[in-house]
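Chemist:
In the numbering used here, the protein residues as written are 1 to 780.
(1) Is DSSP giving residue 286 helix, strand or coil here?
(2) What is the DSSP secondary structure of residue 168, counted as helix, strand or coil?
(3) How would you call residue 276, buried or exposed, if buried means at least 16 neighbouring beta carbons within 10 angstroms?
(4) Smallest Cα separation from residue 101: which of 124, 75, 122, 131?
(5) If you follow the alpha helix (DSSP H) that residue 776 is part of, which residue opens it and which one closes it?
(6) Give a yes or no on whether the C-beta atoms belonging to residue 680 and residue 671 are separated by under 8 Å.
(7) Go through the segment 296-343 residue by residue and report every complete run of the beta strand (DSSP E) that reaches 3 residues or more, in order.
(8) For residue 641, count neighbouring C-beta atoms within 10 Å of its own C-beta (all shown protein chains included) and say buried if the count is 16 or more, exposed if not.
(9) Is it buried or exposed for residue 718, if we count other Cβ within 10 angstroms and need 16 for buried?
(10) Output the distance between the C-alpha atoms of residue 594 and residue 509, rounded to the nearest integer angstrom.
(11) If we cut at 8 Å on Cβ distances, does residue 157 have a partner in chain D?
(12) According to DSSP, is residue 58 helix, strand or coil?
(13) What did DSSP end up calling residue 759 once you bin it into helix, strand or coil?
(14) For residue 649, which residues in the same chain have their Cβ closer than 8 Å to its Cβ, ignoring the five residues on either side in sequence?
(15) Along the beta strand (DSSP E) that carries residue 544, what are the first and last residues, could you check?
(16) Determine the contact status of residue 155 and residue 204, defining contact as a CB-CB distance below 8 Å.
(17) With DSSP run on the structure shown, which of helix, strand or coil describes residue 445?
(18) With residue 702 as the anchor, note down where its beta strand (DSSP E) starts and where it stops.
(19) If we count the other Cβ atoms within 10 Å of its Cβ and call it buried at 16 or more, is residue 790 buried or exposed?
(20) Suppose the cutoff is 6 Å on Cβ atoms and the five residues either side in sequence are ignored; what does the same chain contact list for residue 279 look like?
(21) Look at residue 400 and residue 452 and say whether their C-beta atoms are less than 8 Å apart.
(22) Is the beta carbon of residue 388 sitting closer than 8 Å to the one on residue 350?
(23) In chain order, what are the residue ranges of uninterrupted beta strand (DSSP E) at least 3 long that sit wholly in the segment 50-135?
(24) Identify whether residue 678 lies in helix, strand or coil by the three-state DSSP scheme.
(25) Quick one: what's got a C-beta closer than 7 Å to residue 356's C-beta in the same chain, skipping five residues either side?
(26) With residue 528 and residue 514 assumed to form a contact (beta carbons below 8 Å), what rounded beta-carbon distance in angstroms separates them?
(27) Output needed for residue 309: all residues of its chain with C-beta closer than 7 Å, excluding positions within five of it in sequence on either side, in chain order.
(28) Whole angstroms is fine: what's the gap from residue 32's alpha carbon to residue 56's?
(29) Quick check on the burial criterion: 16 or more other C-beta atoms within 10 angstroms. Buried or exposed for residue 176?
(30) Going by DSSP, what residues sit across from residue 380 in a beta bridge?
(31) Output needed for residue 556: all residues of its chain with C-beta closer than 6 Å, excluding positions within five of it in sequence on either side, in chain order.
(32) At which residues does the beta strand (DSSP E) containing residue 720 begin and terminate?
(33) Counting C-beta neighbours from all protein chains within 10 Å, is the total for residue 288 16 or more, i.e. buried, or is it exposed?
(34) Are residue 151 and residue 171 closer than 8 Å when you measure CB to CB?
(35) Please report the straight-line C-alpha distance between residue 536 and residue 546, rounded to a whole angstrom.
(36) Can you tell me which residues form a DSSP beta bridge with residue 559?
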């Protein structure tokens with residue numbers, strides 16, 4: 001192919017369809033067809049230069065200039081703006097090119113460099129926009145200038161005393177109601193000896209008489225009548241004013257004007273005013289109308305003489321407003337003074353209204369008196385203000401501080417904040433009934449290392465043991481001597497031990513602790529030999545007694561349920577596992593033992609958790625699980641609900657490795673010794689913060705929705721014999737289980753729980769949910 005010549009003549013082509021010759025050429029006829037449809041290329045059909053003949057890149061060459069709008073109208077003396085757009089052969093916009101505007105009919109309309117078209121005289125004008133030699137055309141019809149009228153603001157009649165002046169304002173408006181700007185209005189008076197007017201419209205009363213003042217613009221004009229009256233008004237008195245006026249009510253006031261001799265001046269005009277004017281309005285003839293609540297001053301004046309009266313505008317209450325933002329956020333123990341106001345239809349306060357305050361949940365926030373509210377427990381409540389038949393409320397969200405520790409037992413759970421404050425829910429000591437929202441416990445103490453549990457009966461409060469500022473204590477129910485204070489009396493205040501105990505394991509019937517030197521001590525019920533003192537009887541020991549065998553422990557755990565067999569397990573400082581009592585002792589048989597026996601298998605443990613057994617199983621073995629040093633979990637005991645997690649339902653008297661290859665940081669076990677059903681489950685905390693659970697899920701205690709029928713229904717059976725992740729995206733650093741209730745604590749200190757608590761509510765949490773008072777921490 002021979003080289004294309006560098007230059008050649010431009011060809012004129014007719015606007016018609018033609019064969020494409022290269023990329024983008026087929027789009028050119030379509031562009032010109034678009035031009036004809038939009039009317040942006042003019043109304044004449046004439047030859048057009050092909051814009052792409054010398055264009056190496058058709059996408060960058062202007063093929064069409066489109067003017068918007070293509071047709072328009074403007075009145076003579078007015079301006080409109082046109083816009084131009086350059087398009088390529090493909091119909092794509094091309095920017096950054098200069099546009100040259102011109103008018104082919106300058107006497108009719110003009111156009112500036114920005115596309116602003118100004119009508120000059122009526123007619124049809126053609127406006128062009130040129131880009132790179134390509135031209136677009138628009139048609140502009142210039143219409144006759146609109147008819148104009150002149151308006152003077154204010155009253156058509158004015159009374160002035162001699163020497164007074166007033167500024168008049170006028171404007172010119174076209175037939176469409178538009179105000180004409182930048183025009184000069186002339187002023188004139190037909191009797192300047194009585195009333196003078198200057199070029200700005202200010203009139204001055206010269207002498208008694210009257211005049212007509214006109215505002216003139218071209219052929220249009222407007223006028224007002226001005227009457228000049230003599231001086232002489234000495235006083236004004238307002239009559240007919242009420243003390244109060246309802247919103248929307250109106251009353252006519254009368255102003256009596258007298259001269260220096262006390263004679264009434266008949267038909268004397270006065271000027272009325274009301275302040276503040278947003279509360280009431282008054283007409284020129286003295287009609288006062290109430291608009292908003294509050295006191296107003298009404299004034300009547302004539303020259304330098306005036307009189308005034310005060311009127312109270314009264315609104316009818318339609319709503320109550322409670323101050324502050326909703327929701328109001330408090331922490332347990334904090335308080336706030338709420339204030340309310342009755343508002344009228346305008347939102348203004350109606351004074352003198354009394355209020356009655358109520359709370360819809362005194363377990364969260366209680367009204368002490370007169371809108372003074374105190375946060376009691378975590379969760380949400382509404383504080384209600386009542387006045388007559390009006391009612392309003394504000395939401396109170398009571399936050400529970402974030403936790404650094406979490407302890408869960410049968411029928412009770414507690415969390416400890418970073419400052420040592422404890423917050424508990426369930427069978428909380430010193431409460432007449434169980435609660436489902438966390439409440440502050442021992443507010444004067446800084447606690448840590450709590451262990452909690454409660455007898456499986458709503459008649460009993462729970463037992464809590466732990467450290468208070470470094471001192472070991474127990475508190476709460478002492479039905480089985482589990483407080484260890486040497487009596488059967490419940491401890492409503494913390495009982496401090498003389499022993500140097502450093503950790504605790506609380507069960508509903510017995511408790512144990514580890515001494516600073518590693519020795520184990522237990523106290524309470526010994527019916528199953530769970531105290532490990534070597535014999536039965538004694539059936540009860542009310543003071544701590546050392547566990548036999550001289551073992552030094554690093555961890556100890558008491559079985560966490562009542563009404564069945566009880567047992568205890570512990571781990572020595574060398575990692576050897578021991579169990580004693582009745583149940584899953586892991587030593588190869590179902591025989592009970594009143595002394596610690598070593599868990600079979602030679603495993604080295606970090607910790608062991610044990611759950612009791614109960615009838616109708618016999619022997620009432622229960623189950624236990626231990627976390628070994630490498631993160632594996634082994635379980636043993638009863639397995640009818642898959643609670644051993646090894647993929648079968650066969651029991652094992654010795655430890656068996658659970659299914660899967662997960663590595664765990666913690667493991668917990670639970671058991672519900674209900675009269676009709678026995679529910680056993682296990683959960684483990686994986687190293688990455690994921691919680692896996694296995695066993696019976698009829699109360700959703702495995703962390704995902706369980707049986708939808710009644711748990712007591714024989715058909716309501718859902719067992720999982722292998723570890724299954726709970727249903728949440730949250731990651732945890734601590735877990736706890738008690739009965740059919742499980743909880744986890746996130747690294748941020750937020751507690752989420754799942755399952756059924758059996759205390760204060762029959763609600764089952766089918767998936768992990770924040771405890772009351774912790775919801776807000778997840779929303780932040």
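C-beta atoms are modelled at their ideal positions from N, C-alpha and C, and glycine is treated no differently. Small disclaimer: the values here were computed from a predicted structure and weren't measured.
Modeler: According to the data block:
(1) Your numbering for residue 286 matches position 286 in the chain shown. Three-state DSSP puts residue 286 in coil, outside helix and strand.
(2) Residue 168 sits at position 168 when you count from the first residue of the chain shown. Residue 168: coil per DSSP, three-state reduction.
(3) Within the chain shown, numbered from 1, the residue matching residue 276 stands at position 276. Burial call: exposed.
(4) Looking up residue 101 in the chain shown gives position 101. For the residues 124, 75, 122, 131, the minimum Cα distance to residue 101 belongs to 131.
(5) Walking along the chain shown from the start, residue 776 turns up at place 776. 775-779 is the extent of the alpha helix (DSSP H) around residue 776.
(6) Residue mapping note: residue 680 aligns to position 680 of the chain shown, counting from 1. Residue mapping note: residue 671 aligns to position 671 of the chain shown, counting from 1. In this structure, residue 671 lies closer than 8 Å to residue 680 by Cβ.
(7) Runs of the beta strand (DSSP E) inside the segment 296-343: 305-314, 319-322, 328-331, 335-337, 340-343.
(8) As a first step, residue 641 must be located in the chain shown, where it is residue number 641. Taking a 10 Å sphere around the C-beta of residue 641, we find 16 or more other C-beta atoms and assign the residue as buried.
(9) On the chain shown, residue 718 is found 718 positions in, with the first residue counted as 1. By the neighbour-count criterion, in which a residue is buried when 16 or more other Cβ atoms sit within 10 angstroms of its Cβ, residue 718 is buried.
(10) In the chain shown, residue 594 corresponds to position 594, counting from 1. In the chain shown, residue 509 corresponds to position 509, counting from 1. In this structure, the alpha-carbon of residue 594 lies about 16 Å from that of residue 509.
(11) Among the chains in the structure shown there is no chain D, since it carries only a single protein chain.
(12) Position 58 of the chain shown, counted from the start, is the residue given in the question as residue 58. Looking at residue 58 - three-state DSSP - the assignment turns out to be helix.
(13) Counting from 1 along the chain shown, the entry for residue 759 is found at position 759. Only weak support is given to the placement of residue 759: the predicted model assigns it a pLDDT of 49, under 50, and the value that follows is read from those uncertain coordinates. Note: residue 759 maps to coil in three-state DSSP.
(14) The sequence position of residue 649 within the chain shown is 649, counting from 1. Counting only Cβ-Cβ distances below 8 Å, and skipping sequence neighbours, we find 639, 640, 641, 642, 719, 721.
(15) Locating residue 544 in the chain shown gives position 544, counting from the first residue. Segment 540-546, the beta strand (DSSP E) holding residue 544.
(16) Against the chain shown, residue 155 aligns to sequence position 155. Against the chain shown, residue 204 aligns to sequence position 204. At the C-beta level, residue 155 and residue 204 stay beyond 8 Å of one another.
(17) Within the chain shown, the letter at position 445 stands for residue 445. Residue state, collapsed to three classes: coil.
(18) As a first step, residue 702 is located in the chain shown; it is residue number 702 there, counting from the start. In this chain, residue 702 is not harboured by any beta strand (DSSP E), its DSSP state being neither H nor E.
(19) In the structure displayed, the chain extends from 1 to 780; residue 790 sits before or after that span and is not available.
(20) Indexing the chain shown from 1 puts residue 279 at position 279. Contacts found: 291, 292, 294, 296, 313.
(21) As a first step, residue 400 is located in the chain shown; it is residue number 400 there, counting from the start. As a first step, residue 452 is located in the chain shown; it is residue number 452 there, counting from the start. Cβ atoms of residue 400 and residue 452: not closer than 8 Å.
(22) Here residue 388 is taken as the residue at index 388 of the chain shown, counted from 1. Here residue 350 is taken as the residue at index 350 of the chain shown, counted from 1. Between residue 388 and residue 350, the CB-CB gap reaches or exceeds 8 Å.
(23) Counting only runs of 3 or more, we get 64-68, 71-75, 79-81, 83-87, 100-103, 109-111, 116-119, 123-131.
(24) Position 678 of the chain shown, counted from the first residue, corresponds to residue 678. Strand at residue 678.
(25) Taking the chain shown and counting its residues from 1, one reaches residue 356 at position 356. Excluding sequence neighbours, residue 356 sits near 386.
(26) Taking the first residue of the chain shown as position 1, residue 528 is located at position 528. Taking the first residue of the chain shown as position 1, residue 514 is located at position 514. Separation of the CB atoms of residue 528 and residue 514 is rounded to 21 Å, and the pair is thereby denied contact status at 8 Å.
(27) Walking along the chain shown from the start, residue 309 turns up at place 309. Closer than 7 Å at the Cβ level, and outside the excluded window around residue 309, lie 238, 241, 298.
(28) Working through the chain shown from its first residue, we reach residue 32 at position 32. Working through the chain shown from its first residue, we reach residue 56 at position 56. Unreliable placement is indicated for residue 32, whose pLDDT of 40 sits below 50; no coordinate value is reported for it.
(29) Position 176 of the chain shown, counted from the start, is the residue given in the question as residue 176. Flag for residue 176 reads exposed.
(30) Counting from 1 along the chain shown, the entry for residue 380 is found at position 380. When DSSP reads this structure, residue 380 sits in a beta bridge with 397.
(31) Within the chain shown, residue 556 is the residue found at index 556, counting from 1. 505, 512, 514, 520, 570.
(32) If you number the chain shown from 1, residue 720 lands on position 720. 719-725 is the span of the beta strand (DSSP E), which, as asked, contains residue 720.
(33) By 1-based counting over the chain shown, the position of residue 288 is 288. It is buried - the Cβ of residue 288 has at least 16 other Cβ atoms within 10 Å.
(34) Translated into the one-based positions of the chain shown, residue 151 becomes position 151. Translated into the one-based positions of the chain shown, residue 171 becomes position 171. Taking 8 Å as the cut-off, the Cβ atoms of residue 151 and residue 171 count as close.
(35) As a first step, residue 536 must be located in the chain shown, where it is residue number 536. As a first step, residue 546 must be located in the chain shown, where it is residue number 546. When rounded, the distance between both Cα atoms is 15 Å.
(36) One-based indexing of the chain shown puts residue 559 at position 559. Among the bridge pairs identified by DSSP, residue 559 is matched with none.
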